[in-house]
C-alpha cells in the first residue's frame, strides 16, 4: 500500500510516508532502511521517520529487497535486479531470464542467492565482487521447482529451503537445492 508505518513496541503504529508510491518490501542494513515499490520507486531512511526518494534506474515494479551484509539487492518485474552498497546509488544488473517477474530474493546461509519468480521459476546464483563496487549476478542456474505457480517467498534454516507459492502450496528442498517437493496447504 501507500504507507510506511513505524512502531517502537509493535503495538502502536505511526504513519511515516506521505508519498503516493505503492511499497512492496522493506529491508534494513548499513544503518539504513530501504523500501521498494511499484514503478521502480525506492525510498531510504536512517531513522524510519523521514524518507528520501532515490533513483532506481528502472520503471519496473520492484517486489522485494534484502540486505546481504554488503549490499541491498532488489528484484522485480521483467527480470529486474537492482543493487546498491549504500541504498542511494543503484545499478540495474542485466539478466539472462528477463521475460518473467522476480517476486522474492533470499540470501541463503551458503551465501548464494535464490530468486522465486512467476511460473514456478526458481533461480540460484552466487555473489561476485569482481567488478569493483558492483555485484554481478551470474544467474543461469534454473532449478526445477515442480510447480508452475508464482513463487512469492523463500526461507531457509540451513538444512532445508521452503518456498510459498501463489497457489497456496509450499515447496521444499534440501540444502543442496535439489529434490524439490510440493505440498498443498489444506487449511
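Numbering (our numbering), first residue to last: -9 to 177. For glycine and all other residues, C-beta sits at the position ideal for the given N, C-alpha and C.
Specify, as a first and last residue, the run of the beta strand (DSSP E) that residue i falls within.
{"i": "residue 34", "result": "32 to 35"}
{"i": "residue 48", "result": "Careful: residue 48 lies outside any beta strand (DSSP E) and carries neither H nor E."}
{"i": "residue 145", "result": "141 to 146"}
{"i": "residue 154", "result": "150 to 155"}
Mapping the DSSP letters down to three states, classify residue i as helix, strand or coil.
{"i": "residue 15", "result": "strand"}
{"i": "residue 38", "result": "coil"}
{"i": "residue 59", "result": "coil"}
{"i": "residue 25", "result": "strand"}
{"i": "residue 110", "result": "helix"}
{"i": "residue 68", "result": "helix"}
{"i": "residue 90", "result": "coil"}
{"i": "residue 102", "result": "coil"}
{"i": "residue 126", "result": "Any answer about residue 126 is weak, because its pLDDT of 47 lies below 50 and its placement is not dependable; what the coordinates show is given next. DSSP places residue 126 in coil when its eight states are reduced to three."}
{"i": "residue 0", "result": "coil"}
{"i": "residue 135", "result": "coil"}
{"i": "residue 81", "result": "strand"}
{"i": "residue 20", "result": "coil"}
{"i": "residue 54", "result": "strand"}
{"i": "residue 161", "result": "strand"}
{"i": "residue -6", "result": "coil"}
I'd like to know whether the C-beta atoms of residue i and residue j end up nearer to each other than 7 Å.
{"i": "residue 56", "j": "residue 21", "result": "no"}
{"i": "residue 141", "j": "residue 106", "result": "yes"}
{"i": "residue 90", "j": "residue 77", "result": "no"}
{"i": "residue 154", "j": "residue 143", "result": "yes"}
{"i": "residue 64", "j": "residue 75", "result": "no"}
{"i": "residue -4", "j": "residue 27", "result": "no"}
{"i": "residue 95", "j": "residue 135", "result": "no"}
{"i": "residue 51", "j": "residue 66", "result": "yes"}
{"i": "residue 99", "j": "residue 19", "result": "no"}
Quick test of your reading: residue i and residue j, contact by CB under 8 Å. State the CB separation rounded to the nearest angstrom.
{"i": "residue 31", "j": "residue 17", "result": "Not quite, the Cβ-Cβ distance comes to about 14 Å (not below 8 Å), so this is no contact."}
{"i": "residue 41", "j": "residue 48", "result": "Going by Cβ atoms, the distance from residue 41 to residue 48 rounds to 19 Å, so no, they are not a contact pair."}
{"i": "residue 0", "j": "residue 13", "result": "That pair is no contact at about 19 Å."}
{"i": "residue 53", "j": "residue 92", "result": "7 Å"}
{"i": "residue 29", "j": "residue 80", "result": "That pair is no contact at about 14 Å."}
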